[in-house]
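Below is one structure; the comments refer to it alone.
Residue numbers (our numbering), protein chains in the order written: chain A, 7 to 548; chain B, 5 to 102; chain C, 5 to 147.
What follows is the structure in structure tokens.
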């Protein structure tokens, strides 16, 4: 994976020093909170419900064992012994002290990590397919392109005060495991006539006005794609709405101009920017790409042991085919039944780091579904890996099932939330685990947000849940039919909301409609698309 | 009644205005009806508190109980991690929030 | 400190007129660009402008960054002055976008301004200040 050279290290170290100075000026009263807020947000520091919260960047979700251990150390030294992995492949610490934050950032910098641009109205951490570099179905590893964009977007002087936040995702296969078209810019690296190029999708997003990004150019040559991104951003910075925070994302600009007119303006800007020579040379992309090339030694291809049904179930749900024979990628579920989705203790982080080193190459990935991938596992060692995970309570065999719930922190932690998300997730996973229906339901993606900002991706759940505030009481709306994958779609609200107990029942009712109505081979989503909302409404409200 | 809450500037901890200082415990909060803006202005300027705001509350069982669930969760801590709340040993604390 | 300036020529002694007024009467050598103005409308007239002020009514409105770069990309060599709600932590970005003068509503602390402008020795991407990006240094460009 990518290693910092002295330039990268210097940039991160400089930001730590700058933040230390900014925090000092705030504590001394030279900066008001109004002035300090955008500065701390540009470095991922929020003032949350209980304390300061720090969001640490995990570029394209990739980290190594040393970095995972550093995250564990930070959880213990500066926080309360745990962290929360997020839907943007980052980690959040919930109990950070402003006066210690610069020291924390200095510790992060020692392991080539940072919190740069993990919040604020700027280009955020760039996400990618969590199986990148290992997936059998990719045309190339998308991460070098994400890394090149990371350099370009870090401290970009023109785009540091955008109308709103800006999120970019990069994938390189037709299977979308990164919710690519629900980003401000979604890039798919594609192959055409033996050459690679970037398909640009612009103007997607969730939030209060969910939209699926249209493709504005299906093939940008890779020696021009940074320039193309710059053109997309410049048009947005100049013409994105600033009169209303809720209409300031690029999706609104693209929608109001129309994709065709937005594209025309981008192409005009692109033609101009091409004359300025702002694109990094091919040698830079090659330098980065070389660091992602895994030279995996030959590994024996084994028929996986299916004599243990628990192991066989875990293999069928929690692994992904690898591009190289004899290897496999394993997903560590952070969704134990009744647990807090995405939370991991310092000990669990250290164990995952140890296991990644012992059975893989030491690399780990954070998924947008709030789980951890250990890529490049030698197949012969998969059983040993599973045994160790099981022993530590990390062996839940439930990836992409109804128990693998995405949930935002909700009202338990977040000052924006209207309702709690985590208790709903806990009760639903307990309900389905107890009823034994999880297996019969197969792939069923359930996503919960505690407010309309949709950090829990409720619009994109096969079943989505949105927490709202109804006269000071938590209430939950049910959505059906969303998908973040290559068959992207936005869920529709079923009707009136439910209280906390009612929403758990409602999810089970919807699941039962599927079990009753499905045809052979259909997932929940397929059945919903075939039979429509009515049978579900009838069962829920009839 | 109206009570004031905010966060400690240095640590970020949730705090409540007692009339003379900022306490970690909502039980110490006092009614400031009519004085909200004046106290907030003075205390923020002195950097004794950050992001302070006034909320409605009522006296329940002899102590202030914020009117909105959000502020009750702030007062106690995350409902899903009783061990991290201000009252880890009190099984009734959760029902005070809900 | 009110006016912070990185030029050796004499500053214009009068403030800029609005872009609309400038485009109508056009004998002024100073103009003031608001966030909603199209900086490109000035491109045909850059040769006779010696001062372009770019206003930041609130520091969070970043349109002025694009306006500045566009003017420099079009070859403007006169004074480019950031005015309004200009804070010390924006100075490095503004400088990179081509501003060579700052006249904020609230005076800057000179020591803080000097620190802010000296902080970033390296930069990741080219902008309007002619500095060599890291990628060029990695691949053989002279610093």
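Each residue gets a CB set at the ideal place from its N, CA and C atoms; glycine is no exception.
Alpha-carbon spacing of residue 272 (chain A) relative to residue 241 (chain A), whole angstroms: As a working mapping, residue 272 (chain A) is identified with position 266 in the first chain. As a working mapping, residue 241 (chain A) is identified with position 235 in the first chain. Cα-Cα distance, rounded: 6 Å.
Residues of the segment 34-56 of chain A with Cβ closer than 7 Å to any Cβ of chain B, in chain order: For the segment 34-56 of chain A, which is checked against every Cβ of chain B, the residues closer than 7 Å are 35, 39, 53, 55, 56.
Of the residues A:167, A:54, A:14, the one placed nearest residue 137 (chain C), counting alpha carbons only: In the third chain, residue 137 (chain C) corresponds to position 133, counting from 1. Closest by alpha carbon: A:14.
Contacts around residue 425 (chain A), its chain only, beta-carbon distance under 6 Å, and the 5 residues preceding and following it disregarded: Here residue 425 (chain A) is taken as the residue at index 419 of the first chain, counted from 1. If you ignore the 5 residues before and after residue 425 (chain A), its C-beta comes within less than 6 Å of the C-beta of 417, 456, 473, 480, all in its own chain and listed in chain order.
Limits of the unbroken beta strand (DSSP E) element including residue 221 (chain A): Position 215 of the first chain holds residue 221 (chain A). Following the DSSP letters along the chain, one finds residue 221 (chain A) inside the beta strand (DSSP E) bounded by residues 221-227.
Residue 382 (chain A): first and last residue of the uninterrupted beta strand (DSSP E) it sits in: Position 376 of the first chain, counting from 1, holds the residue named residue 382 (chain A). Element bounds for residue 382 (chain A): 378-384.
Spatial neighbours of residue 23 (chain B) in its chain, beta-carbon cut-off 6 Å, leaving aside the 5 residues before and after: Taking the first residue of the second chain as 1, we reach residue 23 (chain B) at position 19. When the five nearest sequence neighbours on each side are left out, the beta carbons in the same chain lying within less than 6 Å of the beta carbon of residue 23 (chain B) are those of 34, in order along the chain.
Anticipated Cβ contact below 8 Å, residue 82 (chain C) with residue 53 (chain C), distance rounded: Locating residue 82 (chain C) in the third chain gives position 78, counting from the first residue. Locating residue 53 (chain C) in the third chain gives position 49, counting from the first residue. Contact between residue 82 (chain C) and residue 53 (chain C) is confirmed by a C-beta separation of about 5 Å, below the 8 Å threshold.
Residue 79 (chain C): contacting residues in chain A (beta-carbon distance under 7 Å): The residue given as residue 79 (chain C) occupies position 75 in the third chain. Result: empty, since nearest Cβ-Cβ is about 12 Å, beyond 7 Å.
Chain A contact for residue 67 (chain C) (CB, 9 Å cutoff): On the third chain, residue 67 (chain C) is found 63 positions in, with the first residue counted as 1. Output row for residue 67 (chain C): interface = yes.
CA nearest to the CA of residue 453 (chain A), picked from A:440, A:490, A:438, A:359: As a position in the first chain, residue 453 (chain A) is number 447, starting the count at 1. Distance check between residue 453 (chain A) and each of A:440, A:490, A:438, A:359 places A:490 closest, using alpha-carbon atoms only.
Residue 29 (chain B) at chain A interface by Cβ criterion, 9 Å: Locating residue 29 (chain B) in the second chain gives position 25, counting from the first residue. No, residue 29 (chain B) lies away from the interface with chain A (no Cβ there is under 9 Å from its Cβ).
CB contact flag (residue 339 (chain A), residue 325 (chain A), <9 Å): The count along the first chain starts at 1 and reaches residue 339 (chain A) at position 333. The count along the first chain starts at 1 and reaches residue 325 (chain A) at position 319. The Cβ atoms of residue 339 (chain A) and residue 325 (chain A) do not sit closer than 9 Å to each other.
Below-9 Å beta-carbon distance, residue 73 (chain B) vs any chain A residue: Here residue 73 (chain B) refers to the residue found at position 69 of the second chain. It does; some Cβ of chain A falls within 9 Å.
8 Å Cβ cut-off: residues of chain D touching residue 86 (chain A): Here chain D cannot be found, since the structure's protein chains are A, B and C.
For residue 337 (chain A), the nearest candidate out of A:181, A:346, A:378, A:318 (CA to CA): In the first chain, the residue the question calls residue 337 (chain A) occupies position 331. The candidate whose alpha carbon is nearest that of residue 337 (chain A) is A:378.
Straight-line Cα distance separating residue 179 (chain A) from residue 310 (chain A): Here residue 310 (chain A) is taken as the residue at index 304 of the first chain, counted from 1. Here residue 179 (chain A) is taken as the residue at index 173 of the first chain, counted from 1. When rounded, the distance between both Cα atoms is 26 Å.
Pairwise C-alpha distance: residue 224 (chain A) and residue 4 (chain C): Nothing in the structure corresponds to residue 4 (chain C), since chain C is present only between 5 and 147.
CA-to-CA distance, residue 71 (chain C) to residue 55 (chain B), given in whole angstroms: Working through the second chain from its first residue, we reach residue 55 (chain B) at position 51. Working through the third chain from its first residue, we reach residue 71 (chain C) at position 67. Going from the Cα of residue 55 (chain B) to the Cα of residue 71 (chain C) covers about 34 Å.
Stretch pair the segment 86-105 of chain C + the segment 5-13 of chain C: three plus CB contacts closer than 8 Å: Yes: at least three Cβ pairs fall under 8 Å.
Residue 61 (chain B) - containing beta strand (DSSP E), residue span: Numbered from its first residue, the second chain carries residue 61 (chain B) at position 57. 54-64 is the span of the beta strand (DSSP E), which, as asked, contains residue 61 (chain B).
The segment 95-129 of chain C: positions lying closer than 9 Å to chain A by Cβ: Of all residues in the segment 95-129 of chain C, 96, 97, 98, 99, 100, 101, 113, 116, 119, 120, 123, 124, 125, 126, 127, 128, 129 have a Cβ within less than 9 Å of some Cβ in chain A.
Contacts of residue 17 (chain A) in chain C (Cβ-Cβ under 9 Å): By 1-based counting over the first chain, the position of residue 17 (chain A) is 11. Per Cβ cutoff of 9 Å: 124, 126, 127, 128, 138.
Those runs of the beta strand (DSSP E) which lie wholly inside the segment 370-434 of chain A and span at least 3 residues: Counting only runs of 3 or more, we get 378-384.
Within-9 Å CB hit, residue 417 (chain A) to chain B: What you label residue 417 (chain A) is simply residue 411 of the first chain in a count that begins at 1. Chain B, which has a Cβ nearer than 9 Å to the Cβ of residue 417 (chain A), makes this yes.
Residues of the segment 52-84 of chain B with Cβ closer than 8 Å to any Cβ of chain A, in chain order: From the segment 52-84 of chain B, only 54, 55, 71, 72, 73, 74, 77, 78, 81, 82, 83, 84 have a Cβ closer than 8 Å to chain A.
Chain A residues whose Cβ lies nearer than 7 Å to that of residue 17 (chain B): Numbered from its first residue, the second chain carries residue 17 (chain B) at position 13. Chain-order list of chain A residues neighbouring residue 17 (chain B): 57, by C-beta distance under 7 Å.
Beta carbon proximity, residue 73 (chain C) to chain A, threshold 9 Å: Here residue 73 (chain C) refers to the residue found at position 69 when the third chain is read from its first residue. Judged by the 9 Å Cβ criterion, residue 73 (chain C) is in contact with chain A.
Proximity winner among A:300, A:363, A:217, A:297, relative to residue 265 (chain A) (alpha-carbon distances): Looking up residue 265 (chain A) in the first chain gives position 259. Of the listed residues, the one whose Cα sits closest to residue 265 (chain A) is A:217.
Three-way DSSP call (helix, strand, coil) for residue 135 (chain A) in this model: For this step, residue 135 (chain A) is matched to residue 129 along the first chain. Residue 135 (chain A): coil per DSSP, three-state reduction.
Neighbour-count burial assignment, residue 546 (chain A), 16 or more Cβ in a 10 Å radius: In the first chain, the residue the question calls residue 546 (chain A) occupies position 540. Burial call: buried.
Contact with chain C by residue 123 (chain A), beta-carbon distance below 9 Å: As a first step, residue 123 (chain A) must be located in the first chain, where it is residue number 117. Residue contact with chain C for residue 123 (chain A): absent (no Cβ-Cβ distance below 9 Å to any residue of chain C).
Chain A contact residues for residue 14 (chain B), given Cβ-Cβ distances below 8 Å: Counted from its first residue, the second chain places residue 14 (chain B) at position 10. Those within 8 Å of residue 14 (chain B) in chain A are 33, 103, 104, 105.
From A:148, A:149, A:355, A:59, residue whose alpha carbon lies closest to that of residue 124 (chain A): Taking the first chain and counting its residues from 1, the one referred to as residue 124 (chain A) is at position 118. Checked all of A:148, A:149, A:355, A:59; the closest Cα to residue 124 (chain A) is A:59.
Run of the beta strand (DSSP E) containing residue 83 (chain C), from where it starts to where it stops: Taking the first residue of the third chain as position 1, residue 83 (chain C) is located at position 79. Start and end: 83-88.
Complete runs of the alpha helix (DSSP H) confined to the segment 272-308 of chain A [at least 4 residues]: Runs of the alpha helix (DSSP H) inside the segment 272-308 of chain A: 288-298.
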